Amino acid sequence: MEYFIFLFLGTFVGTFGTLVGIGGGLILVPFFIMCMSVGGIYPYFQSAPQIVGTSLFVVFTNALSGTLAYIRQRRVYFNAAVPFALATLPGAFLGSYVADKFDGQMLDLYFGIFLLIMAAIMYWNTRHKPRTDIPFDAKTFRYNRPLGIASSTLVGFLSSIFGIGGGIVHVPLMIYLLGFPVHVATATSHFVLACSSLMGVASHLMLQHIIWLPAICIGIGAAIGAQIGAKLSRRTRPKSILVLLAAAVFTLGIRLIFMGTAR
């Protein structure tokens, strides 16, 4: 029964995360903390780094699957994707070692604060509609590469330290600061996340942070869900979903902060 639950969870996370561009880790990490750590329904995780490392493995499978779908749709802008991906690698490597120092109380508190920030970003995104009429020509498009590289380094660090997808930070930066069209930013960010999460997974693997049963089962489901989400994203407007998700993430953030300060 646990296998099916994990597969279903992964499919939901992969579909929803790819559809709204937030990555699955923002959903998985709170679920792991509340339901799969010591004292939960399925107590697989004995430490905070195991939660982060396992979540990041699922994020990698989701990002890789979604990236392959976007490449087939020719939506990845490799002129930006490659330098941005390379820029995430140092941050992803460093983040895994910072996460190794976390205990349960620190993860609850810091991730709770992070969720509040992410909820604010999601809500802000719903109130600021990006232009959809921006012409895009891969041969003539220009953007601020140094700014893009600097922001990508931060995204790699956040992805690895919290076990989340960095798209929720990276996509708005690419749209509002660098002037990317929405569909190009989403697909390109997915490629960048696949590369950064691979580095993070390798680092967490060396530190023995990954619990393989939930990682593989949820990861398979996430890979399937990413294909579904990529197809739905072409004809779905998830603004109302993001508003509800922002409220849920904000509530989760408050609860995790309370848990972290009450220990």
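Numbering (the working numbering) for the sequence shown: 172 to 434. Note that CB positions come from ideal geometry on N, CA and C, so glycine has one too. Predicted, not measured: the structure shown is a model, and the values here were computed from it.
Counting only runs of 4+ residues fully inside the segment 291–369, write out the alpha helix (DSSP H) ranges in chain order. Counting only runs of 4 or more, we get 316–333, 338–343.
Suppose you measure from the CA of Leu265 to the CA of Arg243; what does that come to, to the nearest Å? Reading the sequence shown from its first residue, position 94 is the one you call residue 265. Reading the sequence shown from its first residue, position 72 is the one you call residue 243. Rounded to the nearest angstrom, the two C-alpha atoms are 32 Å apart.
Quick one: what does DSSP say Ser218 is sitting in, helix, strand or coil? One-based indexing of the sequence shown puts residue 218 at position 47. In the three-state DSSP reduction, Ser218 falls in the coil class, being neither helix nor strand.
Separation of Leu178 from Phe249, as counted between CA atoms: Against the sequence shown, residue 249 aligns to sequence position 78. Against the sequence shown, residue 178 aligns to sequence position 7. Roughly 32 Å between the two C-alpha positions.
Straight-line Cα distance separating Ile339 from Gly196: Taking the sequence shown and counting its residues from 1, the one referred to as residue 196 is at position 25. Taking the sequence shown and counting its residues from 1, the one referred to as residue 339 is at position 168. Each residue's Cα considered, the two are about 11 Å apart.
Continuous alpha helix (DSSP H) stretch holding Ile382: start and end: The sequence position of residue 382 within the sequence shown is 211, counting from 1. Premise fails: Ile382 is in no alpha helix (DSSP H) and is neither H nor E.
Between the beta-carbon of Ser323 and the beta-carbon of Val363, is there less than 8 Å? Taking the first residue of the sequence shown as position 1, residue 323 is located at position 152. Taking the first residue of the sequence shown as position 1, residue 363 is located at position 192. Result yes, Cβ atoms of Ser323 and Val363 sit closer than 8 Å.
Between Ala270 and Ser331, how many whole angstroms is the CB-CB distance? I'm expecting something under 8 Å. Taking the first residue of the sequence shown as 1, we reach residue 270 at position 99. Taking the first residue of the sequence shown as 1, we reach residue 331 at position 160. Contact holds; Cβ gap of about 7 Å.
Got a sec, what are the start and stop residues for the alpha helix (DSSP H) Ile204 sits in? Taking the sequence shown and counting its residues from 1, the one referred to as residue 204 is at position 33. That run of the alpha helix (DSSP H) goes 196–206.
One question on the structure: do Ala394 and Ser226 come within less than 8 Å of each other, judged by their Cβ atoms? The residue you call residue 394 lines up with position 223 of the sequence shown. The residue you call residue 226 lines up with position 55 of the sequence shown. For Ala394 and Ser226, no; Cβs fall outside 8 Å.
Determine, using beta carbons only, whether Ala290 and Gly424 come nearer to each other than 8 Å. Stepping through the sequence shown from its first residue, residue 290 is reached at position 119. Stepping through the sequence shown from its first residue, residue 424 is reached at position 253. Going by C-beta atoms, Ala290 is nearer than 8 Å to Gly424.
Which of the three DSSP states, helix, strand or coil, is assigned to Asp271? Your numbering for residue 271 matches position 100 in the sequence shown. Correct three-state label for Asp271: coil.
Verify whether the separation of the beta carbon atoms of Ala263 and Ser374 is less than 8 Å. Along the sequence shown, read from residue 1 onward, the residue named residue 263 stands at position 92. Along the sequence shown, read from residue 1 onward, the residue named residue 374 stands at position 203. The answer is yes: Cβ separation under 8 Å.
Is the separation between the beta-carbon of Gly337 and that of Val355 shorter than 8 Å? As a working mapping, residue 337 is identified with position 166 in the sequence shown. As a working mapping, residue 355 is identified with position 184 in the sequence shown. Not in contact: Gly337 and Val355 (Cβ atoms no closer than 8 Å).
Assign Leu348 to one of two classes, buried (16 or more other C-beta atoms within 10 Å of its C-beta) or exposed (fewer than that). On the sequence shown, residue 348 is found 177 positions in, with the first residue counted as 1. With fewer than 16 other Cβ atoms within 10 Å, it is exposed.
Determine contact between the segment 380–388 and the segment 207–216, defined as no fewer than three beta-carbon pairs at a distance below 8 Å. With the rule of 3 Cβ pairs closer than 8 Å, the segment 380–388 counts as touching the segment 207–216.
Give me the Cα-Cα distance between Met207 and Ala365, rounded to the nearest whole angstrom. Stepping through the sequence shown from its first residue, residue 207 is reached at position 36. Stepping through the sequence shown from its first residue, residue 365 is reached at position 194. Rounded to whole angstroms, Met207 to Ala365 spans 25 Å at the Cα level.
Own chain residues within Cβ distance below 7 Å of Ile399, not counting five before or after: Residue 399 sits at position 228 when you count from the first residue of the sequence shown. Counting only Cβ-Cβ distances below 7 Å, and skipping sequence neighbours, we find Thr186.
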